[in-house]
């Protein structure tokens, strides 16, 4: 089981570092598929919802977004590799000192790494993939930590999936419009005065 | 009686969302028809909420599907204020004439539903779902105006990040308590403190407290006037209300006090240097949020009451200011005969923000300062007074700018009536507790 968590971490690192968006899409589908299979092992209803949103709807949405925007990132990703190594080492050191189990630690690392990645990513399209990683890690974390009645309640699962997926759809839509307007996907354009 | 009250709550949440489908049948060009539908829809919600206030009694809790709600007279009052403010904003728009696409109309209705749901939501996951629904609809509404994409992206990105943190914290919190109910943790040590910290940072981002306020200025100044008015007043109120609801489990009150004071002080100073009305009012809004955060974190009865008075006042004050800004910037000035009406709105709104009698803002801030005095927190009193001083200076700068405006077109009576009514409500909130003597019983 431990190897699966390490694979998830590797996939999330590749999602941040790879410059070809179709490859990034393939990594994120693989990531979502693993999460969905793991969830199916815990609970059928939520697992299948995760499969539907993560492995069907999300790739379709991203395919559309990539087609509408640039296909290849222009910026160098060398500096991000350094950020990745340092952030994962720091998280590993911090979480080991708290003394939690390996699988929980790996989930924390993936989630925290996603948040750090959001601050370092140089492309708005990349944000969407990283948000997806963070979202699915959270859901896996929910299965890993507790099994409340809510996870077997279909309307509840649909509500929670929708509550996390709909803002991602909106963000994708806005990303496409940002690209149309500024012809660039550099996040720093956001913070400059109009 | 309780079943009637439950039916009213469910109706208030579901009705705006369902009635939003009517807009599919209305063409974009038919602005008047759309505005009449909006006014009628918010009026029905207003009547339902007023009826609920009559039948609520001592309060009650109930579950629908898996969503948990808690209805108390105070929350009914907040919901009534939100619906009343929405009604006045929609009435303003009859004269102002802003009209968006079908999506705009539908998302506006979803926003109203999610705001009312957010007020009555009682457990963590229900609060999260309604907050996220607010984010989703508000994000699109900001985008709906030409050139709003950058502001919408900033808003959606930061609020989505905050949602992630909130969901992360809710999941971990539930792993300790075994459910989603808001209840204190048995013990708060290293990691549990981190969970609460995540929840708090997420919520502070949602309400736009300093230093998580980066989205506020652009979202309020670059969106359509009705959207800015509702977001700054009602949507901000729902986030603050969730902050209040989780206050018993936070155990981070000292930190929140500092955030509240820093927010009020920073925003009031920065507001002085803003060049447009809407940017200035956006910082007014942040400053007001700071005062409310401070009040809730002090936690004494007088402070909480002061916080709630400010909360209800801000539901009306912020739309008042943004509607005024919409009137002068988008209608290119005011005519002499109506000038005083609009000026009355600006003066009342700004006086309330700066805490000057006889407004609701004064009463709320008076109670907050009084509770800080009882807690011997003299530094906070001084800093809050400094913040109020800067807000007053900022208002005087706005006032100076108004006299230089060109007077080219005549505003519609609906816009002026809305502004007048909003201003009157702000004064009434300040006067009623004083006139009835209720305030002295605290």
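Protein chains in written order, with this note's numbering: chain S, 1099 to 1292; chain H, 35 to 476. We put the CB at the ideal spot given by N, CA and C, even for glycine.
What residues in its chain sit with their C-beta under 6 Å from that of residue i, if we drop five residues either side in the sequence?
| i | result |
| --- | --- |
| residue 1212 of chain S | 1228, 1231 and 1232 |
| residue 160 of chain H | 101 and 102 |
| residue 47 of chain H | 147, 150 and 151 |
| residue 60 of chain H | 67 and 68 |
Taking the DSSP output, what are the residues bridged to residue i?
| i | result |
| --- | --- |
| residue 1333 of chain S | Here chain S has residues from 1099 to 1292 only, and residue 1333 of chain S is not among them. |
| residue 95 of chain H | H/104 |
When DSSP labels each residue in this structure, what does residue i get in the three-state scheme?
| i | result |
| --- | --- |
| residue 155 of chain H | strand |
| residue 1192 of chain S | helix |
| residue 104 of chain H | strand |
| residue 517 of chain H | Residue 517 of chain H lies beyond the range of chain H shown here (35 to 476); nothing can be said about it. |
| residue 302 of chain H | helix |
| residue 202 of chain H | helix |
| residue 410 of chain H | coil |
| residue 214 of chain H | coil |
| residue 1285 of chain S | coil |
| residue 297 of chain H | helix |
| residue 366 of chain H | Interpretation of residue 366 of chain H is limited by its pLDDT of 49, a score under 50 that renders its predicted location unreliable; the figure taken from the coordinates is listed afterwards. Of the three classes helix, strand and coil, the one that applies to residue 366 of chain H here is coil, per DSSP. |
| residue 64 of chain H | coil |
| residue 478 of chain H | Residue coverage of chain H in this structure runs from 35 to 476, which leaves residue 478 of chain H outside it and unanswerable. |
| residue 323 of chain H | helix |
| residue 310 of chain H | coil |
| residue 1280 of chain S | helix |
| residue 131 of chain H | coil |
| residue 333 of chain H | coil |
| residue 390 of chain H | coil |
| residue 1165 of chain S | helix |
| residue 90 of chain H | coil |
| residue 471 of chain H | coil |
Grab me the residues of residue i's own chain with a C-beta within less than 7 Å of its C-beta, minus the 5 sequence neighbours each way, in chain order.
| i | result |
| --- | --- |
| residue 1122 of chain S | 1113, 1116 and 1227 |
| residue 186 of chain H | 173, 176 and 177 |
| residue 1215 of chain S | 1114 and 1228 |
| residue 1179 of chain S | 1115 |
| residue 7 of chain H | The requested residue 7 of chain H does not occur in the structure, where chain H is confined to residues 35 to 476. |
| residue 405 of chain H | 332, 334, 336, 337 and 340 |
| residue 376 of chain H | 358, 361, 368, 450 and 453 |
| residue 421 of chain H | 298, 299, 302 and 321 |
| residue 202 of chain H | 232 |
| residue 448 of chain H | 125, 126, 128 and 129 |
On the criterion of 16 or more Cβ atoms from any shown chain inside 10 Å, does residue i qualify as buried, or is it exposed?
| i | result |
| --- | --- |
| residue 249 of chain H | buried |
| residue 1240 of chain S | buried |
| residue 181 of chain H | exposed |
| residue 280 of chain H | buried |
| residue 445 of chain H | buried |
| residue 1259 of chain S | buried |
| residue 312 of chain H | buried |
| residue 1234 of chain S | buried |
| residue 308 of chain H | buried |
| residue 256 of chain H | buried |
| residue 1279 of chain S | exposed |
| residue 1313 of chain S | This structure gives no information on residue 1313 of chain S, because the portion of chain S shown stretches from 1099 to 1292. |
| residue 294 of chain H | buried |
| residue 107 of chain H | exposed |
| residue 212 of chain H | exposed |
| residue 99 of chain H | exposed |
| residue 1283 of chain S | buried |
| residue 52 of chain H | exposed |
| residue 81 of chain H | exposed |
| residue 1221 of chain S | buried |
| residue 137 of chain H | exposed |
8 Å is my cut-off, CB to CB: does residue i come that close to chain A?
| i | result |
| --- | --- |
| residue 166 of chain H | This model lacks chain A altogether, as its protein chains are S and H. |
For residue i, collect the residues of the same chain with a Cβ closer than 8 Å to its Cβ; drop the 5 residues on either side in sequence, then sort them by chain order.
| i | result |
| --- | --- |
| residue 460 of chain H | 347, 350, 351, 354, 382, 383, 386, 393, 394 and 395 |
| residue 274 of chain H | 241, 323, 326, 327, 330 and 345 |
| residue 399 of chain H | 325, 340, 344, 389, 418 and 422 |
| residue 95 of chain H | 102, 103, 104, 105 and 156 |
| residue 1128 of chain S | 1109 |
| residue 1063 of chain S | Here chain S comprises residues numbered 1099 to 1292, so residue 1063 of chain S is not present and cannot be evaluated. |
Mind checking whether the beta-carbon of residue i lies closer than 7 Å to any heavy atom of the ligand SAH?
| i | result |
| --- | --- |
| residue 256 of chain H | The ligand SAH is not part of this structure, which contains no ligands at all. |
query = Which runs of the beta strand (DSSP E) spanning at least 3 residues fall entirely within the segment 1199-1265 of chain S, listed in chain order?
reply = none
message = Going residue by residue through the segment 217-285 of chain H, where are the continuous alpha helix (DSSP H) segments of at least 4 residues, counting only ones entirely within it?
response = 224-241, 250-256, 259-264, 270-279 and 281-284
Alpha helix (DSSP H) runs wholly inside the segment 147-197 of chain H, at least 4 long, in chain order = 158-177
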